[in-house]
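As structure tokens, the structure follows; a few thoughts come after it.
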Amino acid sequence: MLTSGAAGLAAVGLGLSTDSAGHPVEQRVSLAKNVSVERLYSRARKQNVDVVAIRPRDVPAEGLPVCLMLHGRFGDAMDSVSGLPVWLSNSVAAGKIPPFMLLSVDGGPNNYWHRRPDDDAMSMLLDEVPQWLNERGLSAPVAAAGISMGGFGALVYARRRRELGDPLQAAGAIAPALHTNWREMRKRRAFTNEAEWKAIDPLRHIGSLGDLPIGVWCGNGDRFIEGTRRFIRLARPTYASTTPGRHNKTYFRKALPELVDFIGDHLHN
Numbered sequence: 493m494l495t496s497g498a499a500g501l502a503a504v505g506l507g508l509s510t511d512s513a514g515h516p517v518e519q520r521v522s523l524a525k526n527v528s529v530e531r532l533y534s535r536a537r538k539q540n541v542d543v544v545a546i547r548p549r550d551v552p553a554e555g556l557p558v559c560l561m562l563h564g565r566f567g568d569a570m571d572s573v574s575g576l577p578v579w580l581s582n583s584v585a586a587g588k589i590p591p592f593m594l595l596s597v598d599g600g601p602n603n604y605w606h607r608r609p610d611d612d613a614m615s616m617l618l619d620e621v622p623q624w625l626n627e628r629g630l631s632a633p634v635a636a637a638g639i640s641m642g643g644f645g646a647l648v649y650a651r652r653r654r655e656l657g658d659p660l661q662a663a664g665a666i667a668p669a670l671h672t673n674w675r676e677m678r679k680r681r682a683f684t685n686e687a688e689w690k691a692i693d694p695l696r697h698i699g700s701l702g703d704l705p706i707g708v709w710c711g712n713g714d715r716f717i718e719g720t721r722r723f724i725r726l727a728r729p730t731y732a733s734t735t736p737g738r739h740n741k742t743y744f745r746k747a748l749p750e751l752v753d754f755i756g757d758h759l760h761n
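Here our numbering = 1-based position in the sequence shown + 492.
In structure tokens:
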């Protein structure tokens, strides 16, 4: 059973970093005061996961809309603490967007945010994350975004939420890992077979996203540009940007501030 109360996410303004028993979590970077980390046990993933909450500076966490921020392949929740706390705070302070919270959680190194044997990251997002937030007096997610594999996952999550009758308010994807053929996808060893991949692949389920506001960014030298351009052509997202750049942190850091502003522009209480 998870503990709740003053520790971790509920004390996001204090910059606390604890596990569900209140013990310190080892940090590989120093955290800004508007960032917290809590280590919780995920029944869906059958392991402990880090949950990172980022809010705008000097804004209380309670009542803020929440946007999931999904990490890429071989990444983790702590990837979000570099840059995003500053970009979110600056845009809110400048009055460009209303305040909201970014929430990242460990989804596994190579599962493309879907069910794997003994590891179901999507069920964690759909079922456990809202429970964890509610236990801490925080709002359930109303948006989702991600980079690379996380962009793939954000689109899958958006589809699942709509299928459950609880659609998101916005979604964003930077360099989404959209492969256009099974020959390339199978190299990732993330799906048991081609049929499983096709049942999940966002490119094959465009209509399941409905009229959701979606923002998409991809460098025109990125290895996923072909799949991204196909998605843009088929989905006609609210905003799409294909500019010079490759699949690396240099491009991601250019696109992330725009993604933050896009999500903020499309949230409503």
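For every residue, glycine included, the Cβ atom is placed at its ideal position computed from N, Cα and C. A quick note: this is a predicted structure, and the numbers were derived from the prediction, not measured.
Minimum C-alpha distance to residue i - residue among the options
| i | options | result |
| --- | --- | --- |
| L670 | W709, P705, L660 and D658 | W709 |
| H697 | A650, R715, N685 and L562 | A650 |
| A569 | C559, V551, V597 and I589 | V597 |
| A665 | R607, F644 and E655 | F644 |
| L726 | Q623, R745 and D703 | D703 |
| G638 | S534, S733, A536 and C559 | C559 |
Residue range of the unbroken alpha helix (DSSP H) whose run includes residue i
| i | result |
| --- | --- |
| A585 | L576 to A585 |
| M677 | W674 to M677 |
| M641 | M641 to E655 |
| V621 | V621 to E627 |
Start and end residues, beta strand (DSSP E) containing residue i
| i | result |
| --- | --- |
| D785 | Since the first residue of the chain shown is 493 and the last is 761, residue 785 is not available in this structure. |
| V544 | Q539 to I546 |
| M593 | M593 to V597 |
| A666 | Per the sequence shown, the amino acid found at residue 666 is Ile instead of Ala. It spans A662 to I666 - the beta strand (DSSP E) in which I666 sits, taken as one unbroken run. |
| L560 | V558 to L562 |
| Y469 | Outside the displayed span of the chain (493 to 761) sits residue 469, for which this structure offers no information. |
Other residues of its chain near residue i: CB distance less than 7 Å, five sequence neighbours each side excluded
| i | result |
| --- | --- |
| A586 | none |
| H765 | Past the edges of the chain, shown from 493 to 761, lies residue 765, and the structure says nothing about it. |
| P659 | R653, G702 and L704 |
Beta-carbon contacts of residue i that lie in its chain and below 8 Å, excluding the five residues immediately before and after
| i | result |
| --- | --- |
| N602 | R565, F566, M641, R680, R681 and A682 |
| R722 | L670, T672 and L695 |
Close Cβ partners of residue i (< 6 Å) along its chain, the five nearest in sequence each way excluded
| i | result |
| --- | --- |
| Y743 | G711 and G737 |
| D542 | V529, R531, A569 and D598 |
| P516 | In this prediction, P516 has a pLDDT of 49, which is less than 50 and means its spatial position is unreliable; nothing more can be read from the coordinates. |
Short Cβ contact (8 Å threshold) for residue i with residue j
| i | j | result |
| --- | --- | --- |
| L594 | P633 | no |
Chain C within 8 Å of residue i, Cβ atoms only
| i | result |
| --- | --- |
| R654 | No chain C appears in this structure, which consists of one protein chain only. |
Threshold first: 4 residues or longer. Then list the alpha helix (DSSP H) segments lying entirely within the segment 686 to 739, N to C. With a minimum length of 4 residues, the continuous alpha helix (DSSP H) runs that stay inside the segment 686 to 739 are 686 to 692 and 717 to 727.
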